[in-house]
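In this note's numbering, the protein residues as written are 12 to 734.
For each residue, glycine too, the CB sits at the ideal point set by N, CA and C.
To start, the structure under review is shown below, and the notes come after it.
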């Protein structure tokens, strides 16, 4: 079996991107056929039409059923949102700029020109309750929807439940199609291992996801079909798997074989990796394992170990793995995790239970629910089936501190009339307030419009409360919080520290001269050198670090006012980047931290690249000064790069435990040297198993664009400053 798994992995990772038109054609056919139906029913029938007529691919990964397009990396298109690329995927991968050019039939383009909602896909950024699927089965949920409709007097709620029923039955029928196809394939298959795999698929798909799983294989098969069905329904980025080691724990019995379970989980990861939305681009499909429950009991188990081993075996970038860390976490799990990091896989990423749960509870979430949290997407947080992403910018927007600061400076009519930092901060806060109100108004309208125009009844049926309420997940979930993304904090901290020191304390430059120099992209290198020499965030220097508190407290004041203005519950904020530091940088002129125009901003909440001159411990000490529970209830991402030669497992373990014991929330660690990465560029065949963490996603280094590779090399070269 392991040889088969490696073959599946090698074929997947070497497959070139193409475009699959099946979903686009089938959705177009269904929308025409059911044009006059209420939108939820039209969406459900279109979903059923796709699942009932798409090609079934059992050959690329014969261990489990499930595919989103006719072959791996053949882009699945979602025209009801839009036929477009994703800027982050283009930054991260070379050669995809024109993947869609000339591939889309004019008939499809013409039909959707005035009908598409916008974007490349639905909201994504969610984790359904897989426990419902594995331990109840879809037939049980269909029966629940039918019972609710028996007493329903509201026609809209009745219609939405009908759409849920159609959608869930469509997934059951899809599984039955796989069962039949697998039986037929087994008859002619000469490879005995594959023949047995087909027969096992056939047996499982006759039973799940309709009914509760009877064994580990059926449970994993049900999860795979459900995950891929959510993607086919139209959700795009960051469909996350939740807490699979907890869902699968009941199947650990006397017959449990760890090696077989690891192989099965590896096949599951490859099935998820083959999700063809955006081809080889990362979908940031997060998997979370470990952690404690609300009673403080460690939830890691034999399957937790299998997930760690499977990721280590495969060394692929997406899905990516997070380990929930707590005081009682198994020593064996801790040791295995840090060994993986030291070996150069850059997974798992670590999440600290205590501050994360405290943040959820402060939002009004029950303690029991809070301890069921998982990671969604890059590093956002959620609770399977109960809370979507804590920072979905559809509703809140993005607080880009550096962009706001630059705008504030550039709009000053008489910069030299600003006498001190308090006057400048007042202007910045007012601009932030105006922007936050505008984003909330626009986001709330779009949220409602999305639920109205492109609902997702299948996904909604797997969210707590949506069947009972007869509502789409955007409107009917148990908890809802307006979420904000945040970026540019590091640069803004450094910028304020530089302005305070050079303009108002040392008076080496006037504010007006600084702004003129910024507008012209620092023609006087002397001014830029002054700014670069100022104290920086990530050096455990209070002269700079205090500005982090000033900015985050300002943001909280503003957003609490916005919550009250709109009558919304408490907001969440997540510092998340992925590759948007490149996008932001292309839009932001030269800034007071000495950053040249149109260059990337910082890629995490840690030190800016090349600035961590006092080493990783100083970076962690700076970040520990942030008030997580008060200001980051949606999570943050902290990238830390350690020299490969010095990154021993015991060093990493000490670093993680020390940071988390003092209240740190998230930590993602790379261990590499610049020369190793240069060698990987020169001889990619030798480094196909080198997995790196790039801001909010993981990838094999050799698969990254040259731009992203060079950024990682510069990050590694910066290590030389403190070695």
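Residue burial is scored here from C-beta neighbours: residue 305 has fewer than 16 other C-beta atoms within 10 angstroms and is therefore classed as exposed. Annotation: residue 26 to residue 85 spans about 9 Å, alpha carbon to alpha carbon. With a 10 Å radius around the Cβ and a threshold of 16 neighbouring Cβ atoms, residue 518 comes out exposed. Going by C-alpha positions, residue 636 is about 52 Å away from residue 157. According to the DSSP assignment, residue 186 belongs to the alpha helix (DSSP H) that extends over 166-199.
Excluding its 5 nearest sequence neighbours in each direction, residue 13 has C-beta neighbours in its own chain below 7 Å: 274, listed in chain order. Secondary-structure assignment with DSSP links residue 37 through no beta bridge to anything.
Contact between residue 707 and residue 625 is absent: CB atoms are separated by about 25 Å, not below the 8 Å threshold. A distance below 7 Å between beta-carbons, with the five flanking residues on each side excluded, links residue 188 to the following residues of its chain, in chain order: 67.
Here residue 495 is not near residue 376, since their CB atoms are 9 Å or more apart.
With contacts defined by Cβ atoms closer than 9 Å, residue 35 and residue 107 do not form a contacting pair. Beta-carbon to beta-carbon, residue 329 and residue 709 are separated by about 7 Å, close enough to satisfy the 8 Å threshold. Residue pairing for residue 309: DSSP places it in a beta bridge opposite 303. Short of 7 Å from the beta carbon of residue 546, and not among the five residues preceding or following it, lie these beta carbons of its own chain, in chain order: 508, 552, 554 and 555. For the pair residue 234 and residue 122, the Cα-to-Cα distance works out to about 34 Å. Here the stretch 315-329 does not lie against the stretch 652-662, with fewer than 3 beta-carbon pairs under 8 Å apart.
Taking 3 residues as the shortest admissible run, the stretch 642-724 contains the following complete beta strand (DSSP E) segments, listed from N- to C-terminal end: 650-653, 677-682, 702-705 and 708-711. When only Cα atoms are considered, residue 388 and residue 396 end up about 15 Å apart. Residue 286 and residue 242 do touch by the CB rule: their CB atoms are close to 5 Å apart, below 8 Å. A residue is called buried when at least 16 other Cβ atoms come within 10 angstroms of its Cβ; residue 598 does not meet this threshold and is exposed.
Out of 633, 531, 270 and 41, the CA that lies nearest to the CA of residue 64 is found in 41. In the displayed model, residue 276 falls within a helix according to three-state DSSP. In the DSSP assignment, residue 335 is bridged to 301 and 362. Taken through DSSP and simplified to helix, strand or coil, residue 115 comes out as coil. Boundaries of the beta strand (DSSP E) harbouring residue 411: 408-411, taken from the DSSP string.
Shown here, residue 558 sits in a helix according to DSSP, grouped into three states.
Closest by C-alpha distance to residue 466, out of 167, 163 and 97, is 167. The three-state secondary structure of residue 379, taken from DSSP, is helix. Between the stretch 276-296 and the stretch 168-178 there are fewer than three inter-stretch CB-CB distances shorter than 8 Å, so the stretches are not counted as touching. Contact annotation, residue 317 with residue 272: C-beta distance approximately 5 Å; criterion of less than 8 Å satisfied.
Leaving aside the five residues that flank residue 140 on each side, the residues in its chain whose CB is nearer than 6 Å to its CB run, in chain order, 395, 396 and 473.
The stretch 125-138 and the stretch 246-254 touch, with three or more beta-carbon pairs separated by less than 8 Å. The Cβ atoms of residue 104 and residue 602 lie no closer than 9 Å to each other. Taking the Cα of residue 679 as reference, the smallest distance to any Cα among 693, 361 and 73 is reached at 361.
Nearest C-alpha to residue 255 among 354, 160 and 144: 144. The alpha carbon of residue 218 has as its nearest neighbour, out of 580, 146 and 690, the alpha carbon of 146.
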